[in-house]
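Respectively, the protein sequence lines represent chains A and B. Note that the first sequence ends on residue 413 in my numbering; no numbers are left out. Note that the second sequence ends on residue 359 in my numbering; no numbers are left out. Beta carbons are placed, not taken as given, at the ideal position from N, Cα and C, and that holds for glycine. Remember, predicted model here, so these are calculated numbers, not experimental data.
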Amino acid sequence: GEDVEQSLFLSVREGDSSVINCTYTDSSSTYLYWYKQEPGAGLQLLTYIFSNMDMKQDQRLTVLLNKKDKHLSLRIADTQTGDSAIYFCAESEAASKIIFGSGTRLSIRP
Amino acid sequence: GAVVSQHPSWVICKSGTSVKIECRSLDFQATTMFWYRQFPKQSLMLMATSNEGSKATYEQGVEKDKFLINHASLTLSTLTVTSAHPEDSSFYICSARESKGNTEAFFGQGTRLTVV
Numbered sequence: 304g305e306d307v308e309q310s311l312f313l314s315v316r317e318g319d320s321s322v323i324n325c326t327y328t329d330s331s332s333t334y335l336y337w338y339k340q341e342p343g344a345g346l347q348l349l350t351y352i353f354s355n356m357d358m359k360q361d362q363r364l365t366v367l368l369n370k371k372d373k374h375l376s377l378r379i380a381d382t383q384t385g386d387s388a389i390y391f392c393a394e395s396e397a398a399s400k401i402i403f404g405s406g407t408r409l410s411i412r413p
Numbered sequence: 244g245a246v247v248s249q250h251p252s253w254v255i256c257k258s259g260t261s262v263k264i265e266c267r268s269l270d271f272q273a274t275t276m277f278w279y280r281q282f283p284k285q286s287l288m289l290m291a292t293s294n295e296g297s298k299a300t301y302e303q304g305v306e307k308d309k310f311l312i313n314h315a316s317l318t319l320s321t322l323t324v325t326s327a328h329p330e331d332s333s334f335y336i337c338s339a340r341e342s343k344g345n346t347e348a349f350f351g352q353g354t355r356l357t358v359v
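Here is the structure:
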């Protein structure tokens with residue numbers, strides 16, 4: 304079945320860039336997502352990328368997709384304390400259910 | 244972006260009782276709604292996919308008689324946890340996709356259920 308994997312923790316210094324990595328198994332994935340979850344809250348869609356794209360940039364966020372290796376990454380430039388959260392990688396086929404990774408807890412140190 | 248409202252935000256109930264959680268799309272029509280469950284410090288696990296006007300599709304291992312899902316209109320889906328037990332205590336989150344196969348799924352704020 305479909306599987307999405309990501310590391311559980313990442314700690315970065317304030318002002319540095321954060322890179323969160325994700326791998327997935329479903330070769331039929333059409334859309335790949337990054338969601339942010341703050342404590343006790345729902346999910347906020349940060350960005351998504353179509354499987355026919357290699358890169359997408361949106362302000363401080365850069366998403367890179369290596370479809371051959373089924374590897375997705377999210378880079379957050381100039382990481383701030385407000386970026387502390389759990390980041391979920393997710394994938395879906397067109398209009399289908401979304402499968403989530405385990406989430407990466409990003410902590411920011413001064 | 245579009246708004247999905249989930250109610251209640253938190254609920255405490257006694258073992259053996261039933262609890263209903265509502266998920267509403269406020270400014271768009273959602274042909275499909277998804278229900279997820281999240282255990283502490285874990286990912287979201289898809290429970291079921293709910294299509295308006297038809298029976299929900301449950302994921303393997305999810306008891307359909309225990310987690311009743313109704314999607315009566317294009318803006319409302321409900322999840323009823325029947326005969327709740329302490330092990331049902333969890334964070335339940337719904338999401339909705341706009342009709343016409345829109346890519347983006349909008350999430351509710353979640354409902355924290357505590358069964359005592």
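A direct Cα-Cα distance of roughly 33 Å separates residue 337 of chain B from residue 412 of chain A. Below the 9 Å Cβ cutoff, chain B contributes 275, 277, 289, 292, 300, 302 as neighbours of residue 400 of chain A, in chain order. For residue 309 of chain A, the closest alpha carbon among the candidates A/330, A/338, A/320 is that of A/338. The beta carbons of residue 404 of chain A and residue 307 of chain A sit about 4 Å from each other, so the pair counts as a contact at 8 Å. Under a 10 Å Cβ-count criterion, residue 314 of chain B is classified as buried, with 16 or more other Cβ atoms of the shown protein chains found around its own Cβ. Secondary structure of residue 361 of chain A (DSSP, three-state): strand. Under the three-state reduction of DSSP, residue 384 of chain A is assigned to helix. According to DSSP, residue pairing for residue 276 of chain B in a beta bridge involves B/293, B/339. Taking 8 Å as the cut-off between beta carbons, the residues of the stretch 340 to 351 of chain A near chain B are 343, 344, 345, 346, 347, 348, 351, in sequence order.
With respect to the 8 Å criterion, residue 408 of chain A and residue 312 of chain A are classified as neighbours on the basis of their beta carbons.
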